[in-house]
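For the protein sequence lines, the chains are B and D, in the order given. Going by my numbering, the residue at position 90 of the first sequence is 177; the numbering climbs one at a time, nothing skipped. Going by my numbering, the residue at position 93 of the second sequence is 118; the numbering climbs one at a time, nothing skipped. The beta carbon of each residue, even a glycine, is placed where N, CA and C say it ideally should be. For reference, the structure is listed below as C-alpha cells.
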Amino acid sequence: SQTIHQWPATLVQPVGSPLSLECTVEGTSNPNLYWYRQAAGRGLQLLFYSVGIGQISSEVPQNLSASRPQDRQFILSSKKLLLSDSGFYLCAWLTGGYTFGSGTRLTVV
Amino acid sequence: AQSVTQPDIHITVSEGASLELRCNYSYGATPYLFWYVQSPGQGLQLLLKYFSGDTLVQGIKGFEAEFKRSQSSFNLRKPSVHWSDAAEYFCAVGANDYKLSFGAGTTVTVRA
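Shown next, in the form of C-alpha cells:
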C-alpha cells in the first residue's frame, strides 16, 4: 500500500540551531513530493517541490532548504532557525490530489 | 495567479444539522478544485476533488461539493453533521493537480 511517513511529530528548537525534517513514501516510485508550511490561523504555503532525485524547486525565498537524496525521501533543512520558522510542516505527494503526511509541529524558542 | 477565499473563519453547527462551507476562487480557466479536512494536530485528508465533468462531486464521509463556474464557487455541503466532523476544512485551487493555492481554512465546531 502507499503510505507517507513524516517525523518527528513535534520539535522544539532554539533560535540559531539547525533543522532536519524527513519525509519518506512507500509503495510508489518517482513521486512528486512537496513541503508545505501552515502557520497558526493561516492556510498552507508551498515551500518546495521535487519531481525527482536532486531536483528541487523553491516557491518562496526563506531560511529553509530542501533536498531529495533518494527517490522516496524528501528532507527539509535549515542551518540556523529563526523564530519565524515556527509552524506546522507538512510533506505531501501527488496522487491525483495530495496525500499528506501527519505533519511536524516546529516551535522555535 | 490563482487564489482562494474561504469567507467563514469559524462555523458552529448542531449535530444532525446541515453544513455548508463556502469557497470562492479566482482563476482564468477551469480550475482543479479540492476540499481537504484537517483534524487537530494531523495532516490533511482529501475529501473530494473536481477536475471536469459533473459539477456535483461526491466525496468521502458523506460530503459533496458543487462547482458553479458563474459564481466562481466550490461550496462544500453535508446534509447531517456528526460530532466527528469537527475539524478545519480547506479549499484549494490549481491549474492542475499540483502546486495548489489553499484558502485560510474554516474551523467547524459541532455542538451536541
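Range covered by the beta strand (DSSP E) that runs through residue i
{"i": "residue 49 of chain D", "result": "49 to 51"}
{"i": "residue 191 of chain B", "result": "191 to 195"}
{"i": "residue 35 of chain D", "result": "35 to 39"}
{"i": "residue 91 of chain B", "result": "90 to 94"}
{"i": "residue 27 of chain D", "result": "From DSSP, residue 27 of chain D is part of no beta strand (DSSP E); its letter is neither H nor E."}
{"i": "residue 126 of chain B", "result": "It is not in any beta strand (DSSP E) - residue 126 of chain B carries neither H nor E in the DSSP assignment."}
{"i": "residue 119 of chain D", "result": "112 to 119"}
{"i": "residue 187 of chain B", "result": "185 to 187"}
{"i": "residue 33 of chain B", "result": "Nothing can be reported for residue 33 of chain B, as the shown portion of chain B is limited to 88 through 196."}
CB contact flag (residue i, residue j, <7 Å)
{"i": "residue 90 of chain D", "j": "residue 60 of chain D", "result": "yes"}
{"i": "residue 82 of chain D", "j": "residue 44 of chain D", "result": "no"}
{"i": "residue 72 of chain D", "j": "residue 88 of chain D", "result": "yes"}
{"i": "residue 153 of chain B", "j": "residue 135 of chain B", "result": "yes"}
Sequence-distant residues of its chain with Cβ nearer than 8 Å to residue i (five each side left out)
{"i": "residue 33 of chain D", "result": "46, 47 and 131"}
{"i": "residue 185 of chain B", "result": "121 and 179"}
{"i": "residue 36 of chain D", "result": "44, 46, 131, 132, 133 and 134"}
{"i": "residue 188 of chain B", "result": "91, 92, 93, 110, 177, 178 and 179"}
{"i": "residue 105 of chain B", "result": "164, 165, 166, 167 and 168"}
Burial state of residue i (16 or more Cβ within 10 Å)
{"i": "residue 169 of chain B", "result": "exposed"}
{"i": "residue 129 of chain B", "result": "exposed"}
{"i": "residue 125 of chain B", "result": "buried"}
{"i": "residue 191 of chain B", "result": "buried"}
{"i": "residue 195 of chain B", "result": "buried"}
Distance between residue j and residue i (C-alpha atoms, nearest Å)
{"i": "residue 141 of chain D", "j": "residue 128 of chain D", "result": "An answer regarding residue 141 of chain D cannot be provided, because it is not within the stretch 26 to 137 covered by chain D."}
{"i": "residue 141 of chain B", "j": "residue 157 of chain B", "result": "8 Å"}
{"i": "residue 77 of chain D", "j": "residue 84 of chain D", "result": "15 Å"}
{"i": "residue 110 of chain B", "j": "residue 54 of chain D", "result": "33 Å"}
{"i": "residue 113 of chain B", "j": "residue 93 of chain B", "result": "12 Å"}
{"i": "residue 74 of chain D", "j": "residue 155 of chain B", "result": "28 Å"}
{"i": "residue 171 of chain B", "j": "residue 125 of chain D", "result": "23 Å"}
{"i": "residue 143 of chain B", "j": "residue 120 of chain D", "result": "20 Å"}
Min CB distance residue i to chain C below 7 Å
{"i": "residue 135 of chain B", "result": "Of the protein chains in this structure, namely B and D, none is chain C."}
Chain-order list of residues whose beta-carbon lies under 7 Å from that of residue i (same chain, five-residue window excluded)
{"i": "residue 139 of chain B", "result": "117"}
{"i": "residue 112 of chain D", "result": "62, 63, 64 and 133"}
{"i": "residue 30 of chain D", "result": "49 and 128"}
{"i": "residue 88 of chain B", "result": "114"}
Contacting residues, own chain, Cβ-Cβ under 6 Å from residue i (five flanking each side not counted)
{"i": "residue 167 of chain B", "result": "103"}
{"i": "residue 97 of chain B", "result": "192"}
{"i": "residue 147 of chain B", "result": "none"}
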